[in-house]
Amino acid sequence: AIALAIHSLQKTYNNGFEALKGISLEVKEGDFFALLGPNGAGKSTTLGIVSSLVNKTAGEVKVFGYDLDSEKTMAKMQLGVVPQEFNFNTFERVLDILITQAGYYGISRKQALERSEFYLKKLGLWDKRNEAARMLSGGMKRRLMIARALVHEPKLLILDEPTAGVDIELRRSMWSFLQEINARGTTIILTTHYLEEAESLCRNIAIIDQGRIVENTSMKRLLQTL
Ligand code: ADP
Ligand code: ADP
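Numbering (full-length UniProt numbering), first residue to last: 2 to 227.
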């Protein structure tokens, strides 16, 4: 199956800036995919549109075949999103944040508790479950965002610069966690401006520059051409 299909996507912001000039892209189910490019290239705009945080100007987006315009609810059910900025209620407790999120997807309280425990343990946050989110360090908040995005077990996980500002040790443990999630069948797409991150994690990549896709290939081929 095709996890994500983007066709002729355009975004012009209200100030007239053309952030996306018609990009097309396909990510297959099971892939670990990187959207690479310099700052300002349009990576966050692309993921923002896929996760319904940004309105597109033109084009088509399908998530596991569900059209983001006409089948939005189904499209969103398939998706877990880790935006760059922390956007949880920092006064809410860690465990409650996950239970609340699971509730949006109609998951029973019992199952929500089981999954929350599983992901918080995996991400080293179980001991913090009763803390208010604002008490967590930056790296812990980042991991909480990932746990929250996974609690409804989406088929496609998208992460915008997941390891920005994270120290090297935590970065490596986040990488191995993401590899494990991918190995269990979840398709993953991330944006990064670190080639090293894409290199250690991703099978396929697209390079975006000034709102256009300038390369779309496998990581292996990209490394041969460098
Ligand atoms: P949309 O076209 O999706 O409605 P807007 O153009 O209204 O988006 O901008 C959304 C938000 O992004 C605004 O709050 C705006 O202040 C902020 N913003 C404006 N310029 C930039 C920029 N260059 N980078 C990031 N955010 C910006
Ligand atoms: P990247 O994630 O690759 O760094 P972005 O998608 O955040 O790039 O931004 C692409 C371009 O669009 C940048 O030039 C940015 O300044 C601009 N931009 C982002 N958000 C807004 C906005 N709300 N209003 C106007 N311009 C924006």
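Virtual Cβ for every residue (Gly too), placed ideally from N, Cα, C.
Residue 1 and Leu26 closer than 8 angstroms at C-beta: What the structure shows of the chain is the stretch from 2 to 227, and residue 1 is not part of that stretch, so it cannot be assessed.
Below-8 angstroms beta-carbon distance, Lys111 vs any chain C residue: The structure shown contains no chain C; it is built from a single protein chain.
Checking 8 angstroms against the spacing of the C-beta atoms, do Ala4 and Phe65 come in under that value? yes
To which residues of the same chain is Gln102 closer than 8 angstroms at the C-beta, ignoring the five residues directly before and after it? Arg149, Val152 and His153
Reduced DSSP secondary structure (H/G/I, E/B, other) of Gln11: Correct three-state label for Gln11: strand.
Euclidean distance between Cα positions of Glu86 and Ala133: 18 angstroms
Quick one: is Asn16 buried, meaning 16 or more other Cβ sit within 10 Å of its Cβ, or exposed? Asn16 counts as exposed, since fewer than 16 other beta carbons sit within 10 angstroms of its beta carbon.
Helix, strand or coil for Ile24, going by three-state DSSP, please let me know. strand
Segment limits, beta strand (DSSP E) that includes Gly81: Residue range Leu80 to Val83 is occupied by the beta strand (DSSP E) that includes Gly81.
Going by beta-carbon coordinates alone, are Gly38 and Ile190 separated by less than 8 angstroms? no
Please report the distance separating the alpha-carbon of Asp68 from that of Ala76. 7 angstroms
DSSP state of Glu216, grouped into three classes? Three-state DSSP puts Glu216 in a strand.
Measuring straight from C-alpha to C-alpha, what distance separates Ala165 and Arg143? 9 angstroms
Pick from Phe34, Asn183 and Ser138: whose alpha carbon is nearest that of residue 1? The requested residue 1 does not occur in the structure, where the chain is confined to residues 2 to 227.
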